[in-house]
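Engineer:
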Amino acid sequence: MNIYSRKININLPLNYFITSCKYYQSENMGRLIGLELQNFKSYRGTTKIGFGSSYFTSIIGPNGAGKSNMMDAISFVLGVKSTHLRSHTLKDLIYRGRLEGNEGFDKRESSSEPRSAYVMAIYQKESGEKIKLKRTITISGSSEYKINDKAVTALEYSTVLKNENILIKARNFLVFQGDVEQVASQSPKELTKLIETISGSGELKNQYDELKEESERAREFSNSVFSRRRTLNSESRQYKEQLIEQEEFERKLMEKNDLTKVINLYHLYHNEKKHVEYLEDLESKTHDLSALKNKLNDEQQKFQKLKSLCSEKVLNLQKHDKKKTEALSRLENKKCLLIPIDTNRKSLLMKIQTCKNRMRDISYEISKQNSEIQSTARELKEATDLFKKYTSKSSTNSVSKKCQDEYEKLRVEFLSSGGSQLEEDLSLLENQKESTKSVLTNLSIQRKNSESRIRELQDIIENELNFQHNTLNKEITDLLAVRDEYSEARSSLIRKREEYGLKEMEENRKLRDILLRVEELSSQQKESSRQKKLHENVSMLKKLFPKGAIKGLVYELIRPSQRKYEAALSTVLGRNFDAVIVETTSVAYKCIEILKERRSGVATFIPLDSIVAEHPNFNYLRSLNEKAKPGIDILEYDDSSLEQAVIYIVGGSLVVDDIESARTLKWNSKETINEKIVTLDGSVIHKSGLMTGGQQQKKSQASVGWDQNEWTKLLTVKDEIIANIAKLSDEKPKEIDISDLTDKINELQNNLPSLRSKKSNLERIIKDRQTEIDFQKEQLVALEKSLKEKNKPLSQIESNISKITSKYKSLQEKVYGDFCSKYDYEGGIEEYESTHGSTMRSRAKETIKFSKAVDTLTNKLRYENEKLEETKARETSIKDQLKELEDDLEKFNSEKEVLESKIDKLEAECEMLTIERKGLSDNLNQELEICKTNEKQIQSLNTDITNLHNTILNIEEVLYKIDSERVNVLKNCKIQNINVPLKDGLLENISIEQSAENLIKKTYELEIDYDMLSEELRSEYNTRKEAELQARLSLVLEDLDRLTPNGKAVQRLKQAETKLKEFDKDFTKARQKENAILDRFNEVKERRYSIFMEAFNHISDKIDFIYKELTKSSNSPLGGSAYLTLEDEDEPYNAGIKYHAMPPMKRFRDMELLSGGEKTVAALALLFAIHSYHPSPFFVLDEVDAALDNANVNKIASYIKKYAGPNFQFIVISLKNSLFERSDALVGIYREQRENSSKTVTLDLRDYPEENVSTNSKSLSVA
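Numbering (this note's numbering), first residue to last: 2 to 1264.
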């Protein structure tokens, strides 16, 4: 654990120094003048610190230098426990530093670590005497105290310090780092504990608690002695009363025996009478049961024969149904086989039609290709003939050298005579002409290409695309037709299924009505049985009890005054409609026990002697509304003794004509009506306002009957309806058929978008082709226009050529005339030049052109012949495919005819089986009806036998109970030693150990003497008379129980009087002891209160002034406000003290809501006020200014500076220069790293002039 952790005592000591002249003793006090530390915590070796004559000393230094260890040293030497010194044990305070690897370190010192440590404080008393306070610790953890080098005990050490007002327990001489915040946040209880410690009242706490506990024990003992004395007085009176009760007890005991004997004789007499009556009834019922069993046996034999016959017919029907099911299954399978055949036929027909269409297209294409071949062959022949003819003209005539030389001379002459210019002009014109012709030729070729492309596109549209478009249209049309056909079939099946569903729903509705009526009849049967059982139970109870003990059922005893009130009366009676009215509560309990023992159902009993009913003000109810009547006015009853029960059942219920009148009376009346309101149709508005709807008028439950014939008819109709529902279910189209058609429609619907997409694409292609045709036509018109435009300049060029040619020939004639005559060129010089000049070069070019044209036409002819052969091959392949498809179609047609023939036979077979089944089913239903009728008769006989058998069992059970009661009465008489008077036999013959069953016969062998019974008690069994006897006996028993005489009453009375005298003496002594202890307790209590309140009043008076001193500033000259309040003014040390501080210019807030600086100032004010009560000679403060700003630090510094002096010494640890720069002396602590030890230096600031430092900065305010 970190050695710096320490336990902070919440009961913060009076650790704060304020030596104000107003609050501290005026005479000088002692002071701490020096310290000596050896091997204590971070201080290695011996360290001496002197405080000199300074009364305000500040200890400063960087963090970790050892400032707080100096604080711990002061605390240690003044007796503070190690738990408050940031260590777990005392040995942790011994120096543990090491200097390994330091060459200058003494190895002898490093070889052994310190084994002990001490701190010595030099303290100077106010008289000037100096004492040395020394505390030493060893490595073993032991501690030793010395004063002036003399060993003393810890108690003696603390006593010396206490004499100097240095309180170790209260720690009123120091404040640890962080303690100020704890003071500000401590609870009221903790503040009370702190003031108790300061005031010294806490020393009386143990004595106070002991005396308080002793006083309470004395009070309890005194009370217990007084209680025992009072008990003895009561016992004495009781024993006197018991003497009087003894005589009365003996008299009541005689009366009890006589009444017990009469009650038992009364039970035995009427028990004997019931035994005879039930015995006769049992014989009659047994005879009736035997007759019913014989009749049941005859009916059961008849039923078995009918059942056997029906079983045979059911088996035949099941075999026939199985046969029909198999036939239907075969028929369905055949129909399923027909579906793929029809699908394949349709597919083949479409394929055949497609093949025929393709054949037609190919035939057209062949004829077209033949025409193209013929045209190409004709063009090739013409080109060949022209080439041959041109070649034959190109024979060359040879000329002599002389002729050529002469020509060349004439040529030069010709050119120089203007021929050169003419040739150049003529050449230019010829070039223009050739260029124009070339353009015209290109335009002609383009026109021809456009015309050819137009024809080609038109052929494609007419022969290919339109055919494909028509084919797709036909496919889409066929698909839509098939889809519509399937949709119509599906719609037809759905309509048919809905029709059958409606019929089935109607049959189900009829079946539901029948079942409801059957259930109603069943309920009526149960109700009838329940009413019958209830009547039987009431009759049986009337027999068991005396006449008048069982009055009867409510609905039999009470009737409506008019018939229109039947439904209203039924509603008014409510749950008590079928209750049983009896004479007394005891009769009701006995009836319930009898019904439980016999398990005869449940019943509600209303005893006349115990029901409590408030009598409504019927006159007031009659006056509410002329249309409203009290429920008591709509009923009648004959027995006046039922009045209490009737009022209990009916109460203050009101009856009106209709629900509107009820609403008006309930919610629109001026009077508040808190009664149930009932209408004539049975509607009701309850007291709470809940409304129950009206109901149809019905017969009373007493008259509910059960019609056996209607029950039988309803069951027959139910069976017929169930058969019709089953038939409709079989004939109703199956969901799977509709699903199949739906799947087919969905499949066709899924194919439709694909076909439409193809059609759309094809139409787009046709449109594109047509657009291209239109474009070619437009281009053709443009070409025609261009040809016309180009022909005009050609004529002009030819005219120019003709003119220049004429000049050219004239010049030639002039120059070459003699030459042509000489060499005999009749055609002129052109004849010579055509064979031997530039004309030869032009002929060579023409020859190449002819060759290319012939080659092109030859290749085209060969390509067209190959294309024709390919087309004819495709025609042959399609013909073969068409033949295969037609063969397959013929095969499927044959299979379809065979399947349709088989389906017709199976349908006829199914129809015959359906007719046969109807006959078998009708015959079976007739037999079943007879069988059901017989079965119902058997059930009815069984019911009668069961009821009669139950009646006999009930009678036997009642008889056994009567006999058991007789046995139990006699056994009880024997056990209780009741002397039953007997004419014959002995009561001792009745054994108590034997069971009642074995003793019944013996009890009837006894002849009992009933002379003690009066004629009134013998006339009839009446529970009221029995209750009277029991009541008299109960009164006697109560008197006996109440009396309970004590035979030792006289002896006990004497003992009680003796003890009473002794307890009088003890009570006097206990009272005297209690008063003595209480006086001592009050004395300690007053002393503790006085000491505590002396300290509290002192602190409370001073705290406001001190807080104002610490908080006032230029902005708030008056400062803040602080005060203390007691939570309990009578015993303040047992409750809390609340500390309230309100900083300047701020409204009141809880201490928890103040800032850190505000809490610190408030805590310091509290501690200064507490310290003023018992001031210590010096104060050691460890960084109390940590949470304060500069302004508040200056205020604290000024305060300390103001009150530091001969009567009070301050030692402050601080890191803030605004505090320590105003002290008298400084003790600097630093860390010597080479020695790994804390070192100190001191500086007396009084030798330096004090700077003018503002203590109240205007720029800062109290935090």
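Glycine is no exception: its CB is placed at the ideal position from the N, C-alpha and C atoms.
Is residue 1081 buried or exposed, if buried means 16 or more other CB atoms sit within 10 Å of its CB?
Structural biologist: Translated into the one-based positions of the sequence shown, residue 1081 becomes position 1080. Classification of residue 1081: exposed, given that the 10 Å Cβ count is below 16.
Engineer: What residues in its chain sit with their C-beta under 7 Å from that of residue 32, if we drop five residues either side in the sequence?
Structural biologist: What you label residue 32 is simply residue 31 of the sequence shown in a count that begins at 1. Answer for residue 32: 125, 1178, 1179, 1210, listed in chain order.
Engineer: Using a Cβ-Cβ cutoff of less than 6 Å, which residues in the same chain neighbour residue 268 once the five nearest sequence positions on both sides are dropped?
Structural biologist: Residue mapping note: residue 268 aligns to position 267 of the sequence shown, counting from 1. Excluding sequence neighbours, residue 268 sits near 970.
Engineer: Among 632, 428, 903, whose alpha-carbon lies nearest the alpha-carbon of residue 805?
Structural biologist: By one-based count along the sequence shown, residue 805 stands at place 804. Ranking the options by Cα distance to residue 805, first place goes to 428.
Engineer: Where do the ends of the alpha helix (DSSP H) carrying residue 746 lie?
Structural biologist: Taking the sequence shown and counting its residues from 1, the one referred to as residue 746 is at position 745. Unbroken alpha helix (DSSP H) run through residue 746: 736 to 823.
Engineer: Please go through the same chain and pick out, in chain order, the residues whose beta-carbon is closer than 6 Å to the beta-carbon of residue 702, but skip the five residues on each side of it.
Structural biologist: Position 701 of the sequence shown holds residue 702. With a pLDDT of 42 at residue 702, under the threshold of 50, the modelled position of that residue is not reliable, and the figure given next carries that caveat. Take residue 702, set aside five residues on each side of it, and no residue of its chain has a beta-carbon closer than 6 Å to its own.
Engineer: Quickly, what does DSSP pair residue 118 with across the bridge? List them, please.
Structural biologist: By 1-based counting over the sequence shown, the position of residue 118 is 117. DSSP lists 138 as partners of residue 118.
Engineer: Is the Cβ-Cβ distance between residue 782 and residue 384 less than 8 Å?
Structural biologist: Taking the sequence shown and counting its residues from 1, one reaches residue 782 at position 781. Taking the sequence shown and counting its residues from 1, one reaches residue 384 at position 383. In this structure, residue 384 does not lie closer than 8 Å to residue 782 by Cβ.
Engineer: Would you kindly check if the distance between the Cβ of residue 1232 and the Cβ of residue 201 is under 8 Å?
Structural biologist: One-based indexing of the sequence shown puts residue 201 at position 200. One-based indexing of the sequence shown puts residue 1232 at position 1231. No, these two residues do not count as a Cβ contact at 8 Å.
Engineer: Where does residue 543 fall in DSSP's three states?
Structural biologist: Translated into positions along the sequence shown, residue 543 becomes position 542. Residue 543 falls in the helix class under three-state DSSP.
Engineer: Could you check the C-alpha separation between residue 347 and residue 867 for me, to the nearest Å?
Structural biologist: The sequence position of residue 347 within the sequence shown is 346, counting from 1. The sequence position of residue 867 within the sequence shown is 866, counting from 1. Cα-Cα distance, rounded: 37 Å.
Engineer: Helix, strand or coil for residue 1238? Go by DSSP, reduced to three states.
Structural biologist: As a position in the sequence shown, residue 1238 is number 1237, starting the count at 1. DSSP places residue 1238 in strand when its eight states are reduced to three.
Engineer: So, is residue 776 buried or exposed, given that buried needs 16 or more other C-beta atoms within 10 angstroms?
Structural biologist: Counting from one through the sequence shown, the residue named residue 776 turns up at place 775. Residue 776 should be labelled exposed.
Engineer: What separation, rounded to the nearest whole angstrom, lies between the Cα atoms of residue 109 and residue 63?
Structural biologist: Looking up residue 109 in the sequence shown gives position 108. Looking up residue 63 in the sequence shown gives position 62. A caution first: residue 109 carries a pLDDT of 41, below 50, which makes its placement in the model too unreliable to give a value.
Engineer: Check the C-beta distance from residue 501 over to residue 742 and give it rounded, since I have them as a contact under 8 Å.
Structural biologist: Against the sequence shown, residue 501 aligns to sequence position 500. Against the sequence shown, residue 742 aligns to sequence position 741. Incorrect: roughly 17 Å between the Cβ atoms, too far for contact.
Engineer: How many angstroms separate the CA atom of residue 447 from the CA atom of residue 351?
Structural biologist: One-based indexing of the sequence shown puts residue 447 at position 446. One-based indexing of the sequence shown puts residue 351 at position 350. Those two C-alpha atoms are separated by around 44 Å.
Engineer: Measuring CA to CA, which of 176, 1100, 254 is closest to residue 1043?
Structural biologist: For the purposes of this step, residue 1043 is taken as residue 1042 along the sequence shown, with counting starting at 1. Cα-wise, what sits closest to residue 1043 is 254.
Engineer: Please list, in chain order, all residues of the same chain as residue 602 whose beta carbon is under 8 Å from its beta carbon, the five residues on each side excluded.
Structural biologist: Numbered from 1 along the sequence shown, position 601 holds the residue referred to as residue 602. For residue 602, where only same-chain residues beyond five positions count, the Cβ hits under 8 Å are 531, 534, 535, 538, 596.
Engineer: State the DSSP-derived secondary structure class of residue 692, mapped to helix, strand or coil.
Structural biologist: Position 691 of the sequence shown, counted from the first residue, corresponds to residue 692. Residue 692: strand per DSSP, three-state reduction.
Engineer: Between residue 922 and the rest of its own chain, which residues show a CB-CB distance below 7 Å, the 5 nearest in sequence each way excluded?
Structural biologist: On the sequence shown, residue 922 is found 921 positions in, with the first residue counted as 1. Closer than 7 Å at Cβ, skipping near neighbours: 318.
Engineer: Look up residue 600 in the DSSP assignment and say whether it is helix, strand or coil.
Structural biologist: Numbered from its first residue, the sequence shown carries residue 600 at position 599. The answer is coil: DSSP assigns residue 600 none of H, G, I, E or B.
Engineer: Can you give me the C-alpha to C-alpha distance between residue 239 and residue 634, rounded to a whole angstrom?
Structural biologist: For the purposes of this step, residue 239 is identified with residue 238 of the sequence shown, where counting begins at 1. For the purposes of this step, residue 634 is identified with residue 633 of the sequence shown, where counting begins at 1. For residue 239 and residue 634, the distance between alpha carbons rounds to 59 Å.
Engineer: Could you check what DSSP says for residue 982 in three-state terms: helix, strand or coil?
Structural biologist: For the purposes of this step, residue 982 is taken as residue 981 along the sequence shown, with counting starting at 1. Reduced to three states, the DSSP call for residue 982 is coil.
Engineer: In the DSSP output, which residue or residues are listed as bridge partners for residue 1179?
Structural biologist: Taking the sequence shown and counting its residues from 1, one reaches residue 1179 at position 1178. Paired residue(s): 1210.
Engineer: Helix, strand or coil: which one does DSSP assign to residue 706?
Structural biologist: Taking the first residue of the sequence shown as 1, we reach residue 706 at position 705. Any answer about residue 706 is weak, because its pLDDT of 48 lies below 50 and its placement is not dependable; what the coordinates show is given next. Looking at residue 706 - three-state DSSP - the assignment turns out to be coil, as it is neither helix nor strand.
Engineer: In chain order, what residues of the same chain have a beta carbon less than 7 Å from the beta carbon of residue 203, not counting five sequence neighbours either side?
Structural biologist: Reading the sequence shown from its first residue, position 202 is the one you call residue 203. Closer than 7 Å at Cβ, skipping near neighbours: 197.
Engineer: My guess is that residue 122 and residue 138 are in contact by the Cβ rule of under 8 Å, so how many angstroms apart are they, rounded?
Structural biologist: For the purposes of this step, residue 122 is taken as residue 121 along the sequence shown, with counting starting at 1. For the purposes of this step, residue 138 is taken as residue 137 along the sequence shown, with counting starting at 1. That pair is no contact at about 15 Å.
Engineer: Can you give me the C-alpha to C-alpha distance between residue 678 and residue 615, rounded to a whole angstrom?
Structural biologist: By 1-based counting over the sequence shown, the position of residue 678 is 677. By 1-based counting over the sequence shown, the position of residue 615 is 614. The straight-line gap from Cα to Cα measures roughly 18 Å.
Engineer: Rounded to the nearest angstrom, what separates residue 1248 and residue 1182 at their Cα positions?
Structural biologist: The residue labelled residue 1248 in the question sits at position 1247 within the sequence shown. The residue labelled residue 1182 in the question sits at position 1181 within the sequence shown. Their Cα atoms are separated by approximately 24 Å.
Engineer: Specify the secondary structure class of residue 186 as computed by DSSP and reduced to three states.
Structural biologist: Numbered from 1 along the sequence shown, position 185 holds the residue referred to as residue 186. In this structure, residue 186 counts as helix in the three-state DSSP scheme.
Engineer: Measuring alpha carbon to alpha carbon, tell me which residue in 682, 90, 115, 1030 is nearest residue 47.
Structural biologist: Mapped onto the sequence shown, residue 47 falls at position 46. Selected option, being the one with the closest Cα: 115.
Engineer: Mapping the DSSP letters down to three states, classify residue 685 as helix, strand or coil.
Structural biologist: Numbered from its first residue, the sequence shown carries residue 685 at position 684. Strand.
Engineer: Considering only C-alpha positions, which residue in the set 988, 824, 174 is nearest to residue 977?
Structural biologist: Locating residue 977 in the sequence shown gives position 976, counting from the first residue. Comparing Cα-Cα distances from residue 977 to each of 988, 824, 174, the minimum goes to 988.
Engineer: For residue 970, write down the residues that DSSP places opposite it in a beta bridge.
Structural biologist: For the purposes of this step, residue 970 is taken as residue 969 along the sequence shown, with counting starting at 1. None, per the DSSP bridge assignment.
Engineer: Could you tell me which residues DSSP pairs with residue 57 in its beta bridges?
Structural biologist: For the purposes of this step, residue 57 is identified with residue 56 of the sequence shown, where counting begins at 1. Per DSSP, 1211.
Engineer: Which of the three DSSP states, helix, strand or coil, is assigned to residue 901?
Structural biologist: On the sequence shown, position 900 is the one that residue 901 refers to. The answer is helix: DSSP assigns residue 901 an H, G or I state.
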